[in-house]
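Please read the structure below before turning to the comments.
There are 2 protein chains.
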Amino acid sequence: MNLVTSLSFGEEHLKRLKNNFKSVNIYMYNNIEEAKEKLYDADVFVTYGFDMTNKLIEKMERLKWIQCFSTGIDVLPLDKIKEKGILLTNVRGIHGIPIAEYVMAVILNYRIEAFKFYEQQKNKIWKRKSDLEEVYNKAITIIGTGTIGKEIARKAKAFDMRTIGVNTNGRNVDYFDEIYSNSELNYALSKGDYIVQTVPLTKSTYKMLGKEQFESMKATAFFINIARGKTVDEKVLIEALNNNIIKAAAIDVFEIEPLPKESSLWAMENVFITPHISGLSNMYINRAIPILEHNLKAYLQKCGKYINMIDFNKKY
Amino acid sequence: MNLVTSLSFGEEHLKRLKNNFKSVNIYMYNNIEEAKEKLYDADVFVTYGFDMTNKLIEKMERLKWIQCFSTGIDVLPLDKIKEKGILLTNVRGIHGIPIAEYVMAVILNYRIEAFKFYEQQKNKIWKRKSDLEEVYNKAITIIGTGTIGKEIARKAKAFDMRTIGVNTNGRNVDYFDEIYSNSELNYALSKGDYIVQTVPLTKSTYKMLGKEQFESMKATAFFINIARGKTVDEKVLIEALNNNIIKAAAIDVFEIEPLPKESSLWAMENVFITPHISGLSNMYINRAIPILEHNLKAYLQKCGKYINMIDFNKKY
Numbered sequence: 017m018n019l020v021t022s023l024s025f026g027e028e029h030l031k032r033l034k035n036n037f038k039s040v041n042i043y044m045y046n047n048i049e050e051a052k053e054k055l056y057d058a059d060v061f062v063t064y065g066f067d068m069t070n071k072l073i074e075k076m077e078r079l080k081w082i083q084c085f086s087t088g089i090d091v092l093p094l095d096k097i098k099e100k101g102i103l104l105t106n107v108r109g110i111h112g113i114p115i116a117e118y119v120m121a122v123i124l125n126y127r128i129e130a131f132k133f134y135e136q137q138k139n140k141i142w143k144r145k146s147d148l149e150e151v152y153n154k155a156i157t158i159i160g161t162g163t164i165g166k167e168i169a170r171k172a173k174a175f176d177m178r179t180i181g182v183n184t185n186g187r188n189v190d191y192f193d194e195i196y197s198n199s200e201l202n203y204a205l206s207k208g209d210y211i212v213q214t215v216p217l218t219k220s221t222y223k224m225l226g227k228e229q230f231e232s233m234k235a236t237a238f239f240i241n242i243a244r245g246k247t248v249d250e251k252v253l254i255e256a257l258n259n260n261i262i263k264a265a266a267i268d269v270f271e272i273e274p275l276p277k278e279s280s281l282w283a284m285e286n287v288f289i290t291p292h293i294s295g296l297s298n299m300y301i302n303r304a305i306p307i308l309e310h311n312l313k314a315y316l317q318k319c320g321k322y323i324n325m326i327d328f329n330k331k332y
Numbered sequence: 017m018n019l020v021t022s023l024s025f026g027e028e029h030l031k032r033l034k035n036n037f038k039s040v041n042i043y044m045y046n047n048i049e050e051a052k053e054k055l056y057d058a059d060v061f062v063t064y065g066f067d068m069t070n071k072l073i074e075k076m077e078r079l080k081w082i083q084c085f086s087t088g089i090d091v092l093p094l095d096k097i098k099e100k101g102i103l104l105t106n107v108r109g110i111h112g113i114p115i116a117e118y119v120m121a122v123i124l125n126y127r128i129e130a131f132k133f134y135e136q137q138k139n140k141i142w143k144r145k146s147d148l149e150e151v152y153n154k155a156i157t158i159i160g161t162g163t164i165g166k167e168i169a170r171k172a173k174a175f176d177m178r179t180i181g182v183n184t185n186g187r188n189v190d191y192f193d194e195i196y197s198n199s200e201l202n203y204a205l206s207k208g209d210y211i212v213q214t215v216p217l218t219k220s221t222y223k224m225l226g227k228e229q230f231e232s233m234k235a236t237a238f239f240i241n242i243a244r245g246k247t248v249d250e251k252v253l254i255e256a257l258n259n260n261i262i263k264a265a266a267i268d269v270f271e272i273e274p275l276p277k278e279s280s281l282w283a284m285e286n287v288f289i290t291p292h293i294s295g296l297s298n299m300y301i302n303r304a305i306p307i308l309e310h311n312l313k314a315y316l317q318k319c320g321k322y323i324n325m326i327d328f329n330k331k332y
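So the protein sequences, as listed, match chains A and B.
Residue numbers for the first sequence follow the numbering used here, beginning at 17 and rising by one.
Residue numbers for the second sequence follow the numbering used here, beginning at 17 and rising by one.
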């Protein structure tokens with residue numbers, strides 16, 4: 017049985033995997049180009065996902081299972097994978113901590129006006145500001161109350177923020193003071209000083225934040241997207257930021273990535289751009305490997321008890 | 017009875033104070049220059065503190081009580097105030113929230129390497145970084161476990177950081193995983209990934225962080241000072257930052273303020289400088305006024321039940 021990975025998880029993890037799974041031939045590469053060498057012999061393929069195409073899947077005739085090391089599997093050719101009867105699992109659940117750290121970082125960065133003081137420092141300017149606005153008692157509306165949304169809410173509570181969640185049916189979730197269902201989205205948005213988009217990209221979340229949603233937000237709202245660019249109508253977002261419909265934004269994900277040089281987002285003073293890094297950290301591989309190990313065991317035992325098996329109907 | 021203030025707390029608070037204290041003549045000014053008009057008739061003086069001098073105290077012959085609207089009262093001529101038998105109170109306790117927000121902001125700012133991505137954005141550069149270091153499970157050593165230290169520890173726990181406190185006798189305090197006494201300071205410093213200085217400036221804390229202390233810290237340590245510049249040997253701090261004794265720092269307070277243009281701190285790439293703003297926020301006056309009101313009532317009733325009466329021996 018051959019396991020091929022187009023991502024390197026490091027020699028140490030490789031060694032342990034080889035030790036723990038002696039019946040598996042493991043071929044580790046740094047990218048899909050290098051992996052070509054063994055790709056078409058793979059029974060199991062480990063990937064970040066973005067390197068998969070319809071054509072590739074067709075050619076990987078032995079492929080039975082893809083372990084995706086991302087959570088968003090919208091970049092994969094899902095229909096083809098389903099058609100071929102290939103099992104697909106992801107690493108959902110491991111992003112809660114780094115993404116919640118990122119979200120609190122951009123909120124607090126905005127709170128202390130860090131970039132203003134950074135520029136002052138460059139010019140050796142000592143200029144105080146006494147009306148910096150605390151996050152204390154401010155409301156944060158979090159769209160999606162899964163692992164990521166919940167971890168953000170948990171941290172926000174330590175800042176005595178009021179946490180407002182939005183999920184499909186309005187069910188209660190720990191660390192949220194209020195929860196609304198999808199049908200009450202606009203109302204939930206109207207209450208937030210900070211708005212965080214965390215939901216996966218599916219047919220029903222595609223451009224779910226459009227004109228009506230941004231117009232529901234406070235004029236002072238600070239918008240954060242760490243989910244997927246396509247869950248937002250980016251053109252509408254840019255207009256909202258340019259026309260004082262909302263105040264500012266921190267954006268980690270975009271309709272097209274890398275964000276094209278032509279995008280007006282780059283130069284907007286009320287926008288902080290990061291290159292899709294909110295989920296990345298030194299802990300990433302360490303948290304993903306146990307999922308691979310568990311699923312590999314399940315695969316070998318044919319017990320079917322996989323972690324994070326993708327439901328092709330829900331697409332997450 | 018005359019109350020003079022060299023700081024403006026706004027018309028709304030003034031109106032309410034006048035209503036609640038009809039026997040008190042309240043004269044509100046924007047600064048000490050304007051206040052000169054009524055200064056020498058003051059029985060009670062409200063000030064941020066930095067405008068008080070020995071000479072001024074001598075001339076304010078009716079002065080019986082100073083309500084300082086700062087927490088650090090080291091800037092006041094304490095010996096003269098004591099000699100004259102003038103009561104001194106401060107607003108200790110109101111800085112916990114804004115300063116803890118600031119501390120978490122600079123820690124998380126460093127965590128997501130915000131300034132790097134800010135510069136990349138200016139140049140429309142999309143360059144990802146996968147080894148950003150989480151704060152999860154990192155250790156934070158907080159020198160001082162009063163209102164501020166405790167509030168920082170509370171927030172740090174929501175990030176699953178290990179919280180290490182240092183106080184005079186090593187007594188336990190909520191939200192701290194470990195506490196050390198002053199005599200174990202260097203050991204406590206050696207354990208911290210982040211080091212936060214929060215203690216007031218007194219004779220015994222003057223330059224308490226010197227060569228030995230910085231050399232006790234990890235080479236990867238990130239140092240934060242939101243207390244007083246003079247609790248640190250600034251020359252030693254600069255050397256430590258230049259010679260990789262520690263990694264980086266966020267500094268809000270300095271030996272001399274405003275920080276002189278000549279200071280090498282301004283241009284150091286591993287230093288983030290803010291102009292003594294960590295305790296300031298939109299909520300400042302709102303939190304200080306109730307202390308003034310309480311103490312004014314105590315003053316009029318001669319009951320002696322003041323909040324935050326300064327002990328001239330301890331000097332805080």
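Even for Gly, the Cβ is constructed at its ideal location relative to N, Cα and C.
Taking C-beta atoms as the reference points, Lys331 of chain A and Leu94 of chain A count as a pair closer than 9 Å. When A:Glu231, A:Ile89, A:Asn324 and A:Lys171 are compared, the shortest CA-CA separation from Lys219 of chain A is found for A:Ile89. Of all residues in the region 140 to 158 of chain B, the ones placed with a Cβ closer than 7 Å to any Cβ belonging to chain A are Lys140, Trp142, Lys143, Arg144, Lys145, Ser146, Asp147, Leu148, Glu149, Glu150, Val151 and Tyr152, in chain order. Put simply, the backbone Cα of Pro306 of chain A is about 15 Å away from that of Leu316 of chain A. Any Cβ of chain A closer than 9 Å to the Cβ of Phe288 of chain B would place that residue at the interface, and such an atom is present. Judged by DSSP in its simplified three-state form, Val122 of chain B adopts helix. Along the region 160 to 233 of chain A, the alpha helix (DSSP H) occurs as fully enclosed runs of 4 or more residues at 163 to 173, 201 to 206 and 227 to 232, listed in sequence order.
Taking the CA atoms as reference points, Tyr210 of chain B sits about 6 Å from Ala237 of chain B. Contact between Asn70 of chain B and Ile326 of chain B does not hold, since their C-beta atoms are separated by about 17 Å, which reaches or exceeds 8 Å. Residue-level contact by beta carbon holds for Glu273 of chain A and chain B, with a gap shorter than 9 Å.
Assignment of Phe133 of chain A by DSSP, reduced to helix, strand and coil, places it in the helix class. With 16 or more other Cβ atoms inside 10 Å of its own Cβ, Arg127 of chain B counts as buried. When the five nearest sequence neighbours on each side are left out, the beta carbons in the same chain lying within less than 6 Å of the beta carbon of Phe66 of chain B are those of Val91, in order along the chain. When the five nearest sequence neighbours on each side are left out, the beta carbons in the same chain lying within less than 6 Å of the beta carbon of Gly295 of chain B are those of His111, Pro114 and Ile115, in order along the chain. Taking every protein chain shown into account, the CB of Ile289 of chain A has 16 or more other CB atoms within 10 angstroms, so this residue is buried. For Asn41 of chain B, the enclosing beta strand (DSSP E) covers residues Asn41 to Met44.
Interface annotation for the region 108 to 125 of chain B against chain A: Ile113, Pro114, Glu117, Tyr118, Met120, Ala121, Leu124 and Asn125, criterion Cβ-Cβ distance under 7 Å. Taking 9 Å as the threshold, the shortest C-beta distance from Lys263 of chain A to chain B does not fall below it. Its Cα nearest to that of Ile164 of chain B, the residue B:Phe192 stands out among B:Val20, B:Asn259, B:Phe192 and B:Ala283.
According to the DSSP assignment, Asn241 of chain B belongs to the beta strand (DSSP E) that extends over Phe238 to Asn241.
For the region 163 to 175 of chain B, the beta-carbon criterion of a distance under 8 Å to any beta-carbon of chain A is satisfied by Arg170, Lys171, Lys173, Ala174 and Phe175.
C-alpha of Tyr64 of chain B to C-alpha of Leu103 of chain B: approximately 15 Å in a straight line.
Beta-bridge partners of Thr63 of chain B (DSSP): B:Cys84.
Here Val248 of chain B is bridged, per DSSP, to B:Leu225.
Looking from the CA of Gly26 of chain A, the closest CA among A:Ile180, A:Asn298 and A:Asn202 belongs to A:Asn298.
The Cβ of Leu296 of chain A sits closer than 9 Å to at least one Cβ of chain B.
Put simply, the CB of Pro306 of chain B is far from chain A, with every gap to its CB atoms at 9 Å or more.
Spatial neighbours of Glu200 of chain A in its own chain (CB-CB distance under 6 Å, excluding positions within 5 residues in sequence) are not present. Assigned with DSSP and collapsed to three states, Leu257 of chain B falls in helix. Inter-residue distance for Ile301 of chain A and Ser86 of chain B is about 47 Å (C-alpha atoms, whole angstroms). Using a Cβ-Cβ cut-off of 7 Å, Arg127 of chain B is close to Glu117 and Ala121 of chain A, given in chain order.
Residue state for Leu19 of chain A is assigned as strand, using DSSP reduced to three classes. Contact between Asn259 of chain A and Val248 of chain A does not hold, since their C-beta atoms are separated by about 16 Å, which reaches or exceeds 8 Å. In this structure, Val287 of chain A keeps its C-beta atom at 9 Å or more from the C-beta atom of Ala256 of chain A. Classified as buried, Ser22 of chain B has 16 or more neighbouring CB atoms from the shown chains inside 10 Å of its CB. Residue contact with chain A for Ala314 of chain B: absent (no Cβ-Cβ distance below 9 Å to any residue of chain A).
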